[in-house]
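S.K.:
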Amino acid sequence: MARMRKGIAYRKFERPNTRISKFRTLSYVRIDPHIKIARFEMGEPNKKFSYTLNLVSKSPVQIRQESIESARMTSSRYLEKNLTKADYFMKVRIYPFHILRENPLAAGAGADRMSTGMQRSFGKPIGVAAQVRKGQTIFSLSVEKNNLEVARKALNRAATKVPCSCMIEEVVAK
Numbered sequence: 005m006a007r008m009r010k011g012i013a014y015r016k017f018e019r020p021n022t023r024i025s026k027f028r029t030l031s032y033v034r035i036d037p038h039i040k041i042a043r044f045e046m047g048e049p050n051k052k053f054s055y056t057l058n059l060v061s062k063s064p065v066q067i068r069q070e071s072i073e074s075a076r077m078t079s080s081r082y083l084e085k086n087l088t089k090a091d092y093f094m095k096v097r098i099y100p101f102h103i104l105r106e107n108p109l110a111a112g113a114g115a116d117r118m119s120t121g122m123q124r125s126f127g128k129p130i131g132v133a134a135q136v137r138k139g140q141t142i143f144s145l146s147v148e149k150n151n152l153e154v155a156r157k158a159l160n161r162a163a164t165k166v167p168c169s170c171m172i173e174e175v176v177a178k
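Its first residue numbered 5, the sequence shown is counted upward by one per residue in my numbering.
What follows is the structure, given as structure tokens:
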């Protein structure tokens, strides 16, 4: 069964040639993998809340879409369990544009007949990631003052799912 590579393999910031053209022959990356993030906005978007909490990255890192979706699901599930949907508004502030590639190198008996080694080593697309810079907001969560502690716990749960150290920034609405 095929497994995903560990996230550490793609955590480092890089800028490879990942051009996508409307003409397939001009594209360096032939396939654009679909985005697995189900929703980017959760809760009540039209209501004005008095506090906004931001989950901010402390270091530059690439975050795979699976990690973003896992963090979103964990925090939204905690919020729905402790609050109603009208009591908060959560938004995913990053989008996974960066295409990740893999050059599969075979090992074992008969591998020399299948593999081309480092010849034509550009690799096939296996997923996408968001490139997050230091100080960039990953998630923002708007709540009222009485729900601040629940919101803080929800963002702490999301912070454990992303591969970088994060801080929670509090902004008071004017």
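We put the CB at the ideal spot given by N, CA and C, even for glycine.
Taking the beta strand (DSSP E) that L109 falls in, what are its first and last residues?
M.R.: For this step, residue 109 is matched to residue 105 along the sequence shown. Segment: none, L109 is in no beta strand (DSSP E) and carries neither H nor E.
S.K.: Tell me which residues share the same chain as Q140 and place their Cβ nearer than 8 Å to its Cβ, disregarding the 5 neighbours each side in the sequence.
M.R.: As a first step, residue 140 must be located in the sequence shown, where it is residue number 136. Excluding sequence neighbours, Q140 sits near V60, S61, R97, I98.
S.K.: Please report the distance separating the alpha-carbon of V208 from that of I142.
M.R.: Residue numbering for the chain in the displayed model covers 5 to 178; residue 208 lies beyond these limits and cannot be assessed.
S.K.: Quick check on M5: does DSSP put it in helix, strand or coil?
M.R.: Within the sequence shown, residue 5 is the residue found at index 1, counting from 1. Below a pLDDT of 50, predicted positions are generally treated as unreliable, and M5, at 46, falls in that range; no measurement from the model is reported.
S.K.: Enumerate in chain order the residues of its own chain whose CB-to-CB distance from Y14 is below 7 Å, with the five nearest sequence positions on each side excluded.
M.R.: Working through the sequence shown from its first residue, we reach residue 14 at position 10. The residues are Q66, R68, L104, A133.
S.K.: May I ask you to report which of helix, strand or coil DSSP gives T56?
M.R.: What you label residue 56 is simply residue 52 of the sequence shown in a count that begins at 1. Here T56 sits in strand by DSSP.
S.K.: When you compare only the Cα positions, how much space is there between S63 and C168?
M.R.: Taking the first residue of the sequence shown as 1, we reach residue 63 at position 59. Taking the first residue of the sequence shown as 1, we reach residue 168 at position 164. Each residue's Cα considered, the two are about 7 Å apart.
S.K.: Can you look up A134 in the DSSP assignment and give me helix, strand or coil?
M.R.: By one-based count along the sequence shown, residue 134 stands at place 130. Strand at A134.
S.K.: Tell me the DSSP secondary structure of Q123 in three-state form.
M.R.: Mapped onto the sequence shown, residue 123 falls at position 119. Correct three-state label for Q123: coil.
S.K.: Below 8 Å on the Cβ atoms is my contact criterion, and I expect E70 with K40 to pass it. Report the Cβ-Cβ distance as a whole number of Å.
M.R.: The count along the sequence shown starts at 1 and reaches residue 70 at position 66. The count along the sequence shown starts at 1 and reaches residue 40 at position 36. With 8 Å as the limit, E70 and K40 qualify as a contact, their Cβ atoms being about 7 Å apart.
S.K.: If contacts are defined as beta-carbon pairs under 8 Å, then F53 and S146 qualify, I think. What distance do you get, rounded to the angstrom?
M.R.: For this step, residue 53 is matched to residue 49 along the sequence shown. For this step, residue 146 is matched to residue 142 along the sequence shown. Correct: roughly 4 Å between the Cβ atoms.
S.K.: With DSSP collapsed to three states, give me the class of Q69.
M.R.: Your numbering for residue 69 matches position 65 in the sequence shown. Helix at Q69.
S.K.: Beta-carbon within less than 6 Å of M46's beta-carbon, same chain only, minus the 5 sequence neighbours each way: which residues are those?
M.R.: Working through the sequence shown from its first residue, we reach residue 46 at position 42. Once the five neighbours on either side are set aside, the close Cβ partners of M46 are S80, M94.
S.K.: Look at A75 and K165 and say whether their C-beta atoms are less than 8 Å apart.
M.R.: Position 71 of the sequence shown, counted from the start, is the residue given in the question as residue 75. Position 161 of the sequence shown, counted from the start, is the residue given in the question as residue 165. Yes; because the gap between Cβ atoms is below 8 Å, this pair is in contact.
S.K.: What is the rounded straight-line gap between the Cα of Y55 and the Cα of A90?
M.R.: Here the question's residue 55 lines up with position 51 in the sequence shown. Here the question's residue 90 lines up with position 86 in the sequence shown. Cα to Cα, Y55 sits roughly 14 Å from A90.
S.K.: Use the C-beta contact count for V3: other C-beta atoms within 10 angstroms, 16 or more gives buried, fewer gives exposed.
M.R.: Any question about residue 3 goes unanswered here, given that the chain covers just 5 to 178.
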